[in-house]
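Visitor:
Number of protein chains: 2
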Amino acid sequence: MSSSTPTTTTDSSKAARPTTLNFITGNANKLAEVRAILFTETNVVEGGDNSSNKPQLVLQSRDVPGHEIQGSIEEVARDKCSRAAAVVGGPVLTEDTALEFAAYNGLPGPYIKYFLQAVGHEGLNNMLAAYEDKTAFAVCTFAYCGGPGQDPILFQGRTQGRIVPARGPSNFGWDPVFEYEGKTYAEMDKAEKVRLGPQKIIRPSA
Amino acid sequence: MSSSTPTTTTDSSKAARPTTLNFITGNANKLAEVRAILFTETNVVEGGDNSSNKPQLVLQSRDVPGHEIQGSIEEVARDKCSRAAAVVGGPVLTEDTALEFAAYNGLPGPYIKYFLQAVGHEGLNNMLAAYEDKTAFAVCTFAYCGGPGQDPILFQGRTQGRIVPARGPSNFGWDPVFEYEGKTYAEMDKAEKVRLGPQKIIRPSA
């Protein structure tokens, strides 16, 4: 599908050389989540940890100006990742979480942030007032681009849950209204959310 | 606000020379509406009409590839217009109609086309099931850009109406669910819609 390959590998000959990966976000919560995923769920250790012979990665947060495009979740992710690689001039990782309502055939999807901002947790519930079906999908899309001009590779995780009146701390987006197996994301600790949430990437996306 | 000036003027010395304006759309209905507005509501006549001494304009439809950005109605319009002028290499006019729900603090706004496509007329009504207030604003934004690198000038019209169950022919977007003074847009003929609708530009937008 793509000629680019992630620069972090498990090749032991490269283990001593930390790779710098630019994580594109202006959001500290996102950076913490991605760090939690990368360094607990993979074989990679954080740059500077010389106690092991594992591949090291320096995760560097970068904000890239410019607007996201309108389109499908995948189109938005590819465009953002390609633009970021061009601006940074090196390998970049982007992450976007969308929220799809089954009753809306996938919307608000990539536009969920605007709806959350405009109508809040109660408003998200109100959107589904006319529907019995409160099913929602949390969709987490990571895109990796090796550098300017390279094709992004997408990895996507989807978690099926449902929209409920807000429960739990309200400091992270729509977490309080998305319920998965009896708990809202806001009621889970970070480790549990990473274990159960869509960030648990299950398959490369086409 | 801007150094650019529309190239069509009422200066009689230029009356004999038709100006070509690229109207950016892939939508035949939009072209017909804009033609109806331009050549009935202004002093300008369609290029090739030598019977009068009025300024002549050749309105040429062009489709410009690329995605619209996410953002406010105004940001989306400016970006689209600037990109189009860069691609076409000359003066361009863009037109976008958004639909704002008061209960959603302005959304779906520029994303209305995705919601219409995903949930249809009934779904747009369902979005407001939880709200007494069915108020909506049809927002029509024309952007003109004189050429590559020039600042777009925006003209915006807003019509306050309300969302109702669909009435009238359903061949043009959300027209059947937007009611203004007792009639949906779909129940009006083109002339009436132009006279009453948001395309009747009332003020330049900041």
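In order, the protein sequences belong to chains Z and W. Following this note's numbering, the numbering of the first sequence begins with 1 at its first residue and continues without gaps. Following this note's numbering, the numbering of the second sequence begins with 1001 at its first residue and continues without gaps. Glycine included, C-beta positions come from ideal geometry on N, C-alpha and C. Given the structure is predicted, the values throughout are model-derived calculations rather than measurements.
#1: Rounded to whole angstroms, how far is the Cβ of Tyr-1131 of chain W from the Cβ of Asn-126 of chain Z, which I believe are closer than 8 Å?
#2: Give a yes or no on whether the C-beta atoms belonging to Gly-47 of chain Z and Ile-73 of chain Z are separated by under 7 Å.
#3: Looking at C-beta atoms only, is the number of pairs between the segment 1146-1157 of chain W and the segment 1089-1096 of chain W that lie closer than 8 Å three or more?
#4: Whose Cβ in chain Z lies nearer than 7 Å to the Cβ of Gln-1056 of chain W?
#5: Suppose the cutoff is 6 Å on Cβ atoms and the five residues either side in sequence are ignored; what does the same chain contact list for Asp-1175 of chain W look like?
#6: Going by DSSP, what residue range makes up the beta strand (DSSP E) through Leu-1115 of chain W?
#7: Taking 7 Å as the CB-CB cut-off, is Leu-107 of chain Z touching chain W?
#8: So which residues on chain W does Asp-79 of chain Z lean against when the C-beta distance must stay under 8 Å?
#9: What is the DSSP secondary structure of Asn-27 of chain Z, reduced to helix, strand or coil?
#10: Tell me, please, whether the CB atom of Ala-84 of chain Z is closer than 7 Å to any CB atom in chain W?
#11: To the nearest angstrom, how far is it from the Cα of Ala-1118 of chain W to the Cα of Val-34 of chain Z?
#12: Taking 7 Å as the CB-CB cut-off, is Gly-1149 of chain W touching chain Z?
#13: How many Å lie between Met-1188 of chain W and Gln-1160 of chain W at the Cα?
#14: So within the segment 41-116 of chain Z, which uninterrupted beta strand (DSSP E) runs reach at least 3 residues, ignoring any that extend past its ends?
#15: Given this structure, state the Cα-to-Cα distance separating Val-45 of chain Z from Ala-32 of chain Z, to the nearest angstrom.
#16: Quick check on DSSP: helix, strand or coil for Glu-179 of chain Z?
#17: Just tell me which of Z:Ala-86, Z:Ile-153 and Z:Arg-162 has its CA closest to the CA of Ala-103 of chain Z.
#18: Glu-1075 of chain W touches chain Z at which residues, Cβ-Cβ below 9 Å?
#19: Could you say which of Z:Thr-135, Z:Pro-55, Z:Lys-80 and Z:Cys-81 lies nearest to Glu-181 of chain Z if we only look at CA atoms?
#20: Would you please verify whether the beta carbon of Thr-1005 of chain W is less than 7 Å from any beta carbon of chain Z?
#21: Identify every residue that forms a DSSP beta bridge with Gln-160 of chain Z.
#22: What is the DSSP secondary structure of Tyr-131 of chain Z, reduced to helix, strand or coil?
#23: Is the separation between the beta-carbon of Gly-66 of chain Z and that of Arg-78 of chain Z shorter than 7 Å?
#24: Check whether the Cβ atoms of Thr-1025 of chain W and Val-1058 of chain W lie closer than 7 Å to each other.
#25: Just to confirm my understanding: we take Glu-68 of chain Z, look at its own chain, exclude 5 residues before and 5 after, and list those with CB closer than 6 Å. What are they?
#26: How should Pro-1169 of chain W be labelled, buried or exposed, when 16 other C-beta atoms within 10 angstroms of its C-beta is the threshold for buried?
#27: Verify whether the separation of the beta carbon atoms of Phe-1137 of chain W and Arg-1158 of chain W is less than 7 Å.
#28: So, are the CB atoms of Asn-1029 of chain W and Phe-1172 of chain W less than 7 Å apart?
#29: Which value, in whole angstroms, describes the spacing of the CA atoms of Ala-1129 of chain W and His-1121 of chain W?
#30: Tell me which same chain residues have a C-beta within less than 7 Å of the C-beta of Lys-1193 of chain W, skipping the five on either side of it?
#31: What do you get for Ala-191 of chain Z, buried or exposed, if any count of 16 or more other CB atoms within 10 angstroms of its CB means buried?
#32: Checking the sheet assignment: what are the DSSP bridge partners for Ile-1153 of chain W?
#33: Going by beta-carbon coordinates alone, are Asn-1022 of chain W and Gln-1060 of chain W separated by less than 7 Å?
#34: Counting only beta-carbon separations shorter than 7 Å, does Val-164 of chain Z have a partner in chain W?
#35: Considering Cα atoms alone, identify which of Z:Phe-39, Z:Val-64, Z:Asp-63 and Z:Cys-140 is closest to Lys-54 of chain Z.
Guide: In terms of the structure at hand:
#1: Contact holds; Cβ gap of about 7 Å.
#2: No, they are not a contact pair.
#3: Short answer: they touch.
#4: By Cβ distance, chain Z contributes nothing, its closest Cβ being about 36 Å from Gln-1056 of chain W, past 7 Å.
#5: Hits under 6 Å: Tyr-1185 and Ala-1186.
#6: Looking at the sequence provided, one finds Phe at residue 1115 of chain W rather than Leu. Segment 1112-1127 is the alpha helix (DSSP H) holding Phe-1115 of chain W; no beta strand (DSSP E) there.
#7: When Cβ-Cβ separations below 7 Å define contact, Leu-107 of chain Z makes contact with chain W.
#8: What Asp-79 of chain Z touches in chain W: His-1067.
#9: The three-state reading of DSSP puts Asn-27 of chain Z in coil, since its state is none of H, G, I, E or B.
#10: Chain W contact via Cβ: absent.
#11: The straight-line gap from Cα to Cα measures roughly 32 Å.
#12: Judged by the 7 Å Cβ criterion, Gly-1149 of chain W is not in contact with chain Z.
#13: Cα to Cα, the separation comes out at about 16 Å.
#14: If we require 3 residues or more, the beta strand (DSSP E) runs fully inside the segment 41-116 of chain Z come out as 56-62 and 92-101.
#15: If you take the alpha carbons of Val-45 of chain Z and Ala-32 of chain Z, they lie about 15 Å apart.
#16: Residue state, collapsed to three classes: strand.
#17: For the residues Z:Ala-86, Z:Ile-153 and Z:Arg-162, the minimum Cα distance to Ala-103 of chain Z belongs to Z:Arg-162.
#18: Within 9 Å Cβ-Cβ: His-67.
#19: Looking at the Cα atoms, Z:Thr-135 is the closest of the given residues.
#20: Per-residue confidence for Thr-1005 of chain W stands at a pLDDT of 42, beneath the threshold of 50, marking its modelled position as unreliable; no derived number is given.
#21: Beta bridge pairing from DSSP links Gln-160 of chain Z with Z:Phe-137.
#22: Tyr-131 of chain Z: coil per DSSP, three-state reduction.
#23: No; because the gap between Cβ atoms is not below 7 Å, this pair is not in contact.
#24: In terms of Cβ geometry, Thr-1025 of chain W and Val-1058 of chain W do not form a close pair [threshold 7 Å].
#25: So the qualifying residues of the chain are Val-76 and Lys-80.
#26: Answer is exposed; the Cβ neighbour count stays below 16.
#27: Phe-1137 of chain W is a Cβ neighbour of Arg-1158 of chain W, given a cutoff of 7 Å.
#28: The Cβ atoms of Asn-1029 of chain W and Phe-1172 of chain W lie closer than 7 Å to each other.
#29: Ala-1129 of chain W and His-1121 of chain W: Cα-Cα distance of roughly 13 Å.
#30: Here the set comprises Tyr-1185.
#31: Looking at its Cβ environment, which holds fewer than 16 other Cβ atoms inside 10 Å, Ala-191 of chain Z is exposed.
#32: Per DSSP, W:Tyr-1144.
#33: Less than 7 Å divides the Cβ of Asn-1022 of chain W from the Cβ of Gln-1060 of chain W.
#34: Val-164 of chain Z is outside the set of residues whose beta carbon lies under 7 Å from a beta carbon in chain W.
#35: For Lys-54 of chain Z, the nearest C-alpha among the options comes from Z:Phe-39.
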